[in-house]
Structure formats: C-alpha cells, structure tokens
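Numbering (this note's numbering), first residue to last: 1 to 105.
Just so it is clear, CB atoms sit at the ideal spot from N, CA and C, and this is done for glycine as well.
The block underneath contains the structure these notes are about, expressed in structure tokens.
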Amino acid sequence: MNNKTSSTAKALAALGHEARLDIFRLLVRAGDDGLIVADIAANTSLPLSTLAHHLRTLVNAGLVKQERRGREIVNRADYEALNGALRYLTEECCKGVPLLRNNVA
Numbered sequence: 001m002n003n004k005t006s007s008t009a010k011a012l013a014a015l016g017h018e019a020r021l022d023i024f025r026l027l028v029r030a031g032d033d034g035l036i037v038a039d040i041a042a043n044t045s046l047p048l049s050t051l052a053h054h055l056r057t058l059v060n061a062g063l064v065k066q067e068r069r070g071r072e073i074v075n076r077a078d079y080e081a082l083n084g085a086l087r088y089l090t091e092e093c094c095k096g097v098p099l100l101r102n103n104v105a
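Right, dumping it as structure tokens:
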C-alpha cells in the first residue's frame with residue numbers, strides 16, 4: 001500500500017465512527033476559530049474521557065489539528081487533509097478500467 005492509500009484509509013476509518021463524524025462536522029462548522037474541548041463536550045454530550053479518545057483518533061488520522069493556548073487546547077478541522085483524502089478517492093474518476101477476464105457473449 002502506498003502512503004496516500006494508507007493515510008486515506010486512516011482518515012476514512014477515523015470518520016467511520018458516528019461520534020467522530022459528529023465531532024469533525026462540529027469542528028467544520030466552527031471554522032478557523034476552532035473549539036476547545038469543553039465546547040466540543042457541551043455540543044456533543046460526550047463524557048470528557050470518551051471525547052479525548054475520539055479527538056486523539058482524529059488527530060492521529062491527521063484530520064484535526066490541536067493548538068495549546070495556555071491551559072486550553074483549541075481543536076480545528078484540517079481541511080487540507082480531508083481534501084487530500086477526497087482527492088485520492090476521485091482523482092481517477094471516469095478513466096475506465098481494463099477488463100482482465102475474457103468477454104464471452
């Protein structure tokens with residue numbers, strides 16, 4: 001597997017969980033300002049320990065960037081990472097696929 005395949009698979013796996021998908025969509029709505037963990041928890045009703053696990057998975061998949069501001073950690077969606085995964089999925093759209101089996105009518 002090449003690096004693009006691996007990173008895309010990791011990103012899609014991370015988004016394949018309902019809670020992580022909700023968190024990511026919330027961060028997309030927040031835009032470049034991002035959200036601190038307490039705000040994410042308030043909007044998702046997830047316990048902090050569960051939220052920390054899901055955020056760690058999104059960060060490890062490259063979909064969320066974190067920035068420490070004093071005692072707070074600001075979380076932002078990484079749009080370039082998401083766009084890279086989407087590009088990988090669609091970059092060969094409609095190029096055709098050679099048939100490797102015999103066509104028998």
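Bridge partner(s) assigned by DSSP for residue i
i: A38; result: Looking at the DSSP assignment, A38 forms no beta bridge with any residue, so it has no partner.
Where residue i falls, given that 16 or more other Cβ within 10 Å makes a residue buried
i: H122; result: Because the chain spans 1 through 105 in this model, residue 122 falls outside it and cannot be assessed.
i: T8; result: buried
i: T5; result: exposed
i: N83; result: exposed
i: A38; result: exposed
i: G190; result: Coverage of the chain is limited to positions 1 through 105, which leaves residue 190 absent and any answer about it impossible.
i: A42; result: exposed
Neighbourhood of residue i by C-beta distance below 8 angstroms, restricted to the same chain and skipping five residues each side
i: A13; result: A61
i: T50; result: A19
i: L89; result: T8
i: L21; result: L15
Residues of its chain near residue i, where Cβ-Cβ distance is below 6 angstroms and the 5 sequence neighbours each way are ignored
i: A85; result: T8 and A11
i: E67; result: V74
i: K65; result: R76 and D78
>> I'd like the ranges of any beta strand (DSSP E) spanning at least 3 consecutive residues and lying wholly in the stretch 18 to 86.
In response: 64 to 69 and 72 to 77
> Does the stretch 68 to 87 come within contact of the stretch 19 to 35, defined as at least 3 CB pairs closer than 8 angstroms?
Replying inline: yes
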